[in-house]
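Start counting the sequence shown at 248; every next residue gets the next number (this note's numbering).
Heads up, the beta-carbon is just placed ideally off N, CA and C, and yes, glycines get one too.
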Amino acid sequence: MISAGDFKNGVTFEWDGKVMQVVEFQHVKPGKGAAFVRTKLRNVITGAVVENSFNPSDKFENAFVERRDMEYSYNDGDLYYFMDLESYEQEPIDKSLLGDNFKFVKENMNCTVHSYKGKVFNVDPPNFVDLTITQTDPGHKGDTATNVMKPATVETGAEVKVPLFISEGEKIRIDTRTGEYLERAKG
(Lines of atoms letter the chains of each structure in order from A; the text may use other names.)
(Lines give C-alpha, C1' and ligand atoms only; values in the text may rest on other atoms or scores of the structure.)
Protein backbone atom coordinates (compact mmCIF):
# COMPACT_ATOMS: atom_id res chain seq x y z
CA MET A 248 0.00 0.00 0.00
CA ILE A 249 1.08 3.54 -0.71
CA SER A 250 -0.48 6.74 0.57
CA ALA A 251 -0.98 9.85 -1.56
CA GLY A 252 1.34 11.72 0.82
CA ASP A 253 4.20 9.40 -0.30
CA PHE A 254 3.76 10.00 -4.05
CA LYS A 255 6.92 10.56 -6.09
CA ASN A 256 7.39 10.89 -9.86
CA GLY A 257 7.30 7.48 -11.53
CA VAL A 258 5.34 5.67 -8.78
CA THR A 259 2.74 3.24 -10.18
CA PHE A 260 -0.43 2.32 -8.31
CA GLU A 261 -3.96 0.99 -8.85
CA TRP A 262 -6.78 3.53 -8.84
CA ASP A 263 -10.37 2.66 -9.79
CA GLY A 264 -9.20 -0.55 -11.46
CA LYS A 265 -6.65 1.28 -13.62
CA VAL A 266 -2.85 1.26 -13.42
CA MET A 267 -1.67 4.86 -13.00
CA GLN A 268 1.81 6.40 -12.92
CA VAL A 269 2.58 9.71 -11.19
CA VAL A 270 3.90 12.20 -13.77
CA GLU A 271 3.84 15.27 -11.50
CA PHE A 272 2.81 15.84 -7.92
CA GLN A 273 2.60 18.79 -5.54
CA HIS A 274 1.84 18.86 -1.82
CA VAL A 275 -0.46 21.84 -1.19
CA LYS A 276 -1.07 23.31 2.28
CA PRO A 277 -3.60 26.11 1.88
CA GLY A 278 -3.98 28.74 4.60
CA LYS A 279 -7.51 27.55 5.20
CA GLY A 280 -8.68 23.94 5.03
CA ALA A 281 -6.89 20.62 4.88
CA ALA A 282 -3.72 19.83 2.96
CA PHE A 283 -4.01 17.89 -0.31
CA VAL A 284 -1.85 16.38 -3.03
CA ARG A 285 -2.34 17.72 -6.57
CA THR A 286 -1.24 15.18 -9.19
CA LYS A 287 -0.91 14.61 -12.90
CA LEU A 288 -1.32 10.89 -13.63
CA ARG A 289 -0.81 8.79 -16.75
CA ASN A 290 -2.77 5.62 -17.39
CA VAL A 291 0.05 3.15 -18.03
CA ILE A 292 -1.99 1.00 -20.42
CA THR A 293 -3.80 3.63 -22.52
CA GLY A 294 -1.38 6.56 -22.10
CA ALA A 295 -4.19 8.99 -21.16
CA VAL A 296 -3.17 11.77 -18.75
CA VAL A 297 -5.51 13.05 -16.04
CA GLU A 298 -5.19 15.56 -13.22
CA ASN A 299 -6.60 14.84 -9.78
CA SER A 300 -6.29 15.90 -6.15
CA PHE A 301 -6.05 13.44 -3.26
CA ASN A 302 -6.17 13.60 0.50
CA PRO A 303 -2.60 12.82 1.73
CA SER A 304 -3.98 9.93 3.82
CA ASP A 305 -5.69 8.19 0.82
CA LYS A 306 -4.24 4.69 0.39
CA PHE A 307 -3.70 2.84 -2.88
CA GLU A 308 -2.47 -0.61 -3.87
CA ASN A 309 1.05 -0.62 -5.37
CA ALA A 310 1.15 -1.70 -9.03
CA PHE A 311 4.26 -3.40 -10.35
CA VAL A 312 4.70 -3.00 -14.11
CA GLU A 313 7.15 -5.60 -15.38
CA ARG A 314 9.54 -4.57 -18.15
CA ARG A 315 11.44 -7.41 -19.84
CA ASP A 316 13.92 -7.34 -22.69
CA MET A 317 12.80 -9.89 -25.26
CA GLU A 318 14.02 -10.73 -28.74
CA TYR A 319 11.56 -10.50 -31.64
CA SER A 320 11.69 -13.89 -33.39
CA TYR A 321 9.02 -14.05 -36.10
CA ASN A 322 5.35 -13.46 -36.85
CA ASP A 323 2.63 -15.87 -37.86
CA GLY A 324 -0.41 -13.95 -39.10
CA ASP A 325 -1.49 -11.56 -36.34
CA LEU A 326 0.71 -13.20 -33.68
CA TYR A 327 4.23 -11.92 -33.15
CA TYR A 328 6.58 -14.21 -31.22
CA PHE A 329 9.13 -12.87 -28.74
CA MET A 330 11.80 -14.92 -26.97
CA ASP A 331 12.57 -14.35 -23.29
CA LEU A 332 16.35 -13.79 -23.13
CA GLU A 333 16.66 -15.65 -19.80
CA SER A 334 14.34 -18.67 -20.12
CA TYR A 335 14.38 -18.88 -23.97
CA GLU A 336 10.59 -19.35 -23.93
CA GLN A 337 8.57 -18.02 -26.89
CA GLU A 338 5.71 -15.66 -26.03
CA PRO A 339 3.06 -14.81 -28.65
CA ILE A 340 1.84 -11.19 -28.63
CA ASP A 341 -1.13 -9.98 -30.66
CA LYS A 342 -0.48 -7.45 -33.44
CA SER A 343 -2.96 -4.99 -31.84
CA LEU A 344 -0.56 -4.47 -28.90
CA LEU A 345 2.28 -3.34 -31.17
CA GLY A 346 2.59 0.37 -31.90
CA ASP A 347 3.11 2.05 -35.27
CA ASN A 348 6.85 2.26 -34.60
CA PHE A 349 7.09 -1.56 -34.64
CA LYS A 350 7.32 -1.35 -38.46
CA PHE A 351 11.05 -0.59 -38.00
CA VAL A 352 11.76 -3.84 -36.11
CA LYS A 353 13.31 -6.78 -37.91
CA GLU A 354 13.83 -10.32 -36.66
CA ASN A 355 16.34 -10.87 -33.83
CA MET A 356 16.05 -7.29 -32.51
CA ASN A 357 15.60 -6.78 -28.78
CA CYS A 358 12.45 -4.99 -27.61
CA THR A 359 11.11 -4.06 -24.16
CA VAL A 360 7.87 -5.86 -23.35
CA HIS A 361 5.64 -4.22 -20.69
CA SER A 362 3.20 -6.34 -18.71
CA TYR A 363 0.99 -6.00 -15.66
CA LYS A 364 -0.08 -9.09 -13.72
CA GLY A 365 1.22 -11.25 -16.58
CA LYS A 366 -0.83 -9.45 -19.26
CA VAL A 367 1.24 -7.73 -21.97
CA PHE A 368 -0.02 -4.24 -22.84
CA ASN A 369 2.86 -2.61 -24.75
CA VAL A 370 6.02 -3.40 -26.73
CA ASP A 371 8.75 -0.77 -27.11
CA PRO A 372 11.22 -1.23 -29.98
CA PRO A 373 14.78 0.08 -29.58
CA ASN A 374 14.96 3.89 -29.87
CA PHE A 375 17.41 3.71 -32.79
CA VAL A 376 17.70 1.03 -35.48
CA ASP A 377 20.07 0.56 -38.41
CA LEU A 378 18.28 -0.64 -41.55
CA THR A 379 19.24 -1.12 -45.20
CA ILE A 380 17.50 0.83 -47.98
CA THR A 381 15.85 -1.63 -50.37
CA GLN A 382 14.21 0.82 -52.77
CA THR A 383 14.55 4.55 -53.48
CA ASP A 384 14.74 6.84 -56.48
CA PRO A 385 18.18 8.08 -57.46
CA GLY A 386 18.98 11.69 -56.57
CA HIS A 387 19.06 14.17 -59.45
CA LYS A 388 22.16 16.19 -60.26
CA GLY A 389 21.72 19.84 -59.46
CA ASP A 390 18.94 19.13 -56.96
CA THR A 391 20.91 20.46 -54.00
CA ALA A 392 18.37 22.64 -52.20
CA THR A 393 18.71 22.26 -48.45
CA ASN A 394 16.60 19.68 -46.64
CA VAL A 395 15.17 18.11 -49.80
CA MET A 396 13.95 14.62 -48.89
CA LYS A 397 12.79 11.67 -50.98
CA PRO A 398 10.85 8.52 -49.97
CA ALA A 399 12.76 5.30 -49.38
CA THR A 400 11.70 1.79 -48.38
CA VAL A 401 13.79 -0.05 -45.78
CA GLU A 402 14.26 -3.82 -45.36
CA THR A 403 11.28 -4.14 -42.97
CA GLY A 404 8.94 -2.63 -45.60
CA ALA A 405 8.53 0.70 -43.77
CA GLU A 406 8.83 3.94 -45.69
CA VAL A 407 10.97 6.87 -44.50
CA LYS A 408 12.09 10.19 -45.92
CA VAL A 409 15.83 10.38 -46.65
CA PRO A 410 18.15 13.03 -48.15
CA LEU A 411 18.79 12.92 -51.89
CA PHE A 412 22.36 11.59 -51.52
CA ILE A 413 21.18 8.29 -49.97
CA SER A 414 20.99 5.39 -52.44
CA GLU A 415 19.76 1.78 -52.47
CA GLY A 416 21.81 -0.69 -50.45
CA GLU A 417 23.00 1.87 -47.89
CA LYS A 418 22.46 1.38 -44.16
CA ILE A 419 20.79 4.26 -42.35
CA ARG A 420 19.97 4.97 -38.71
CA ILE A 421 16.29 5.69 -37.90
CA ASP A 422 14.75 7.10 -34.71
CA THR A 423 11.81 4.71 -34.09
CA ARG A 424 10.02 7.23 -31.85
CA THR A 425 9.62 9.74 -34.68
CA GLY A 426 10.22 7.57 -37.76
CA GLU A 427 12.84 10.02 -39.03
CA TYR A 428 16.15 9.43 -40.79
CA LEU A 429 19.07 10.43 -38.55
CA GLU A 430 22.30 9.56 -40.38
CA ARG A 431 24.15 6.98 -42.38
CA ALA A 432 24.87 3.95 -40.21
CA LYS A 433 28.49 3.24 -39.44
CA GLY A 434 29.92 -0.15 -40.31
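Would you call the region 360-378 and the region 419-432 in contact, with 3 or more CB pairs under 8 Å?
yes
Minimum C-alpha distance to HIS319 - residue among ALA295, HIS274, ALA282 and VAL370:
Residue numbering aside, residue 319 sits at position 72 when the sequence shown is read from its first letter. At residue 319 the sequence reads Tyr, which differs from the His that was named. Cα-wise, what sits closest to TYR319 is VAL370.
Just confirm the distance between the C-beta atoms of PHE254 and VAL269, as a whole number of angstroms; I'd bet it's less than 8 Å.
For the purposes of this step, residue 254 is taken as residue 7 along the sequence shown, with counting starting at 1. For the purposes of this step, residue 269 is taken as residue 22 along the sequence shown, with counting starting at 1. Confirmed, about 5 Å.
Provide the residue(s) that pair with VAL360 in DSSP beta bridges, ordered along the chain.
The residue you call residue 360 lines up with position 113 of the sequence shown. Per DSSP, ARG315 and VAL370.
Spatial distance of PHE301 from MET248 (CA atoms)
Your numbering for residue 301 matches position 54 in the sequence shown. Your numbering for residue 248 matches position 1 in the sequence shown. Straight-line Cα distance between these residues: approximately 15 Å.
Along the beta strand (DSSP E) that carries ASN309, what are the first and last residues, could you check?
Indexing the sequence shown from 1 puts residue 309 at position 62. Residues 306-309.
Whole-angstrom distance between THR293 and TYR321, CA atom to CA atom:
As a first step, residue 321 must be located in the sequence shown, where it is residue number 74. As a first step, residue 293 must be located in the sequence shown, where it is residue number 46. The straight-line gap from Cα to Cα measures roughly 26 Å.
N- and C-terminal bounds of the beta strand (DSSP E) containing VAL343:
Walking along the sequence shown from the start, residue 343 turns up at place 96. Looking at the sequence shown, residue 343 is not Val but Ser. Here SER343 belongs to no beta strand (DSSP E), and DSSP marks it neither H nor E.
Helix, strand or coil at VAL251 according to DSSP, with G and I counted as helix:
Residue 251 sits at position 4 when you count from the first residue of the sequence shown. Sequence check: residue 251 is Ala here, not Val. Note: ALA251 maps to helix in three-state DSSP.
Please report the straight-line C-alpha distance between ARG285 and LYS364, rounded to a whole angstrom.
Stepping through the sequence shown from its first residue, residue 285 is reached at position 38. Stepping through the sequence shown from its first residue, residue 364 is reached at position 117. If you take the alpha carbons of ARG285 and LYS364, they lie about 28 Å apart.
Take the Cβ of MET396 as the centre, count every other Cβ of all protein chains shown within 10 Å, and call the residue buried at 16 or more, exposed below.
Numbered from 1 along the sequence shown, position 149 holds the residue referred to as residue 396. MET396 should be labelled exposed.
According to DSSP, is PHE349 part of a helix, a strand, or is it coil?
Residue mapping note: residue 349 aligns to position 102 of the sequence shown, counting from 1. In this structure, PHE349 counts as helix in the three-state DSSP scheme.
DSSP three-state call for THR293: helix, strand or coil?
As a first step, residue 293 must be located in the sequence shown, where it is residue number 46. In the structure shown, THR293 sits in coil (DSSP, three-state: anything other than H, G, I, E or B).
Check the C-beta distance from THR423 over to VAL401 and give it rounded, since I have them as a contact under 8 Å.
As a position in the sequence shown, residue 423 is number 176, starting the count at 1. As a position in the sequence shown, residue 401 is number 154, starting the count at 1. Rounded, the Cβ-Cβ distance is 11 Å, inconsistent with contact.
What residue range does the beta strand (DSSP E) around GLU430 cover?
What you label residue 430 is simply residue 183 of the sequence shown in a count that begins at 1. Under the DSSP assignment, GLU430 falls in the beta strand (DSSP E) whose first and last residues are 427-431.
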